[in-house]
Structures are given as C-alpha cells and as structure tokens.
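**Q** The structure follows.
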Amino acid sequence: MDETWVHHYTPENKQQSKQWVEAGGLEAGGSAQKKAKSIASAGKVMARKQRDLRYDLLGHPPYSPDLAPSDFHLFPNLKKFVSGKHFASNEEVERAVDEYFNSLPESHFREGVLMLEKRWIKCVEVKGDYVEK
C-alpha cells in the first residue's frame, strides 16, 4: 500500500515557504525533531477508506511511480486540497483527509482504476522502460 505525508501546514506556494520564524518562534521546548514527529501519515486513512469502499488492492512493483495509482491519481489532488491549511493536531489532519476522500464521487476512484489499466498496458508495451506522462 502506498502512502503520502500530510503535514500540519503545507504552503500554497514558494513565497509562503520562505516565511521567517523568529528564533523563539517554536513552541516552548519545541524543536525540529518534535515538529517532525507531529506529521501524520495518511496511509491508515487510505487503508480505512479502501476497506470502506470494498476495493480489492492489486499489488504493483515497488518503486514504480508509473504504476502507482496513489501517486498519479489520489495524492496530487489531496495535496492541493490541504495546501495552505494549518492543522493543530494529527486528528485535524485525519479529519481533513477523511473530508477530502468523502467528498469525492465514487466515479473518481473508478476513473483512477481505469487509468491504472492503461498505464499497465503502456509499461508492458515499452517493456518496463521509463514512461513519461
């Protein structure tokens, strides 16, 4: 199963990424390590949603972004959805991810599966060579 990281805050653009944080700007006693631990993985949320929708998961070769449906269909739009939002806790992140996936029509997931089949065929046709969009 693929997964992606959803951060408590993802800047919408490069300018927002450059925002200055004063030396004392982190929470009292805070550190980059503590902040990194607070990042929530969406993998569990994805697994729950796939179970709820009763999808059968098909295996795919590891490290093969040409074939991973989550990389080309699910996660890019999820990242756009959370871009620019601030989350105070992992629970808020999970609620936002749930909200995003619950707002999608079932046809969205079907389209992703159909697109996956086309990508598999393309990979077979090029005998596993690198595939551009």
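In the numbering used here, the protein residues as written are 22 to 154.
In this text, a Cβ means the ideal position worked out from N, Cα and C, and glycines have one as well.
#1: Comparing C-alpha positions only, which one of S104, Q71, K148 sits nearest to H28?
#2: When the Cα atoms are used, what is the spatial distance from K65 to R75?
#3: By a C-beta neighbour count over all protein chains shown, 10 Å radius and 16 as the cutoff for buried, is M67 buried or exposed?
#4: Can you list, in chain order, the residues of its chain whose CB lies under 7 angstroms from that of K70, leaving out five sequence neighbours each side?
#5: By alpha-carbon positions, which one of S110, N111, E112, S124 ends up nearest to L99?
#6: How is G133 classed by DSSP in three states: helix, strand or coil?
#7: Given this structure, state the Cα-to-Cα distance separating H129 from R116, to the nearest angstrom.
**A** Put simply:
#1: Here residue 28 refers to the residue found at position 7 of the sequence shown. The shortest C-alpha separation from H28 is found at S104.
#2: In the sequence shown, the residue the question calls residue 65 occupies position 44. In the sequence shown, the residue the question calls residue 75 occupies position 54. Just so you know, the alpha carbons of K65 and R75 end up roughly 15 angstroms apart.
#3: Taking the sequence shown and counting its residues from 1, the one referred to as residue 67 is at position 46. With 16 or more Cβ atoms within 10 Å of its Cβ, M67 is classed as buried.
#4: Residue 70 sits at position 49 when you count from the first residue of the sequence shown. Correct list, in chain order: F122.
#5: Locating residue 99 in the sequence shown gives position 78, where the first residue counts as 1. Each of S110, N111, E112, S124 was checked against the Cα of L99, and the nearest Cα belongs to S124.
#6: Reading the sequence shown from its first residue, position 112 is the one you call residue 133. Note: G133 maps to helix in three-state DSSP.
#7: As a first step, residue 129 is located in the sequence shown; it is residue number 108 there, counting from the start. As a first step, residue 116 is located in the sequence shown; it is residue number 95 there, counting from the start. Their backbone Cα atoms lie some 20 angstroms apart in a straight line.
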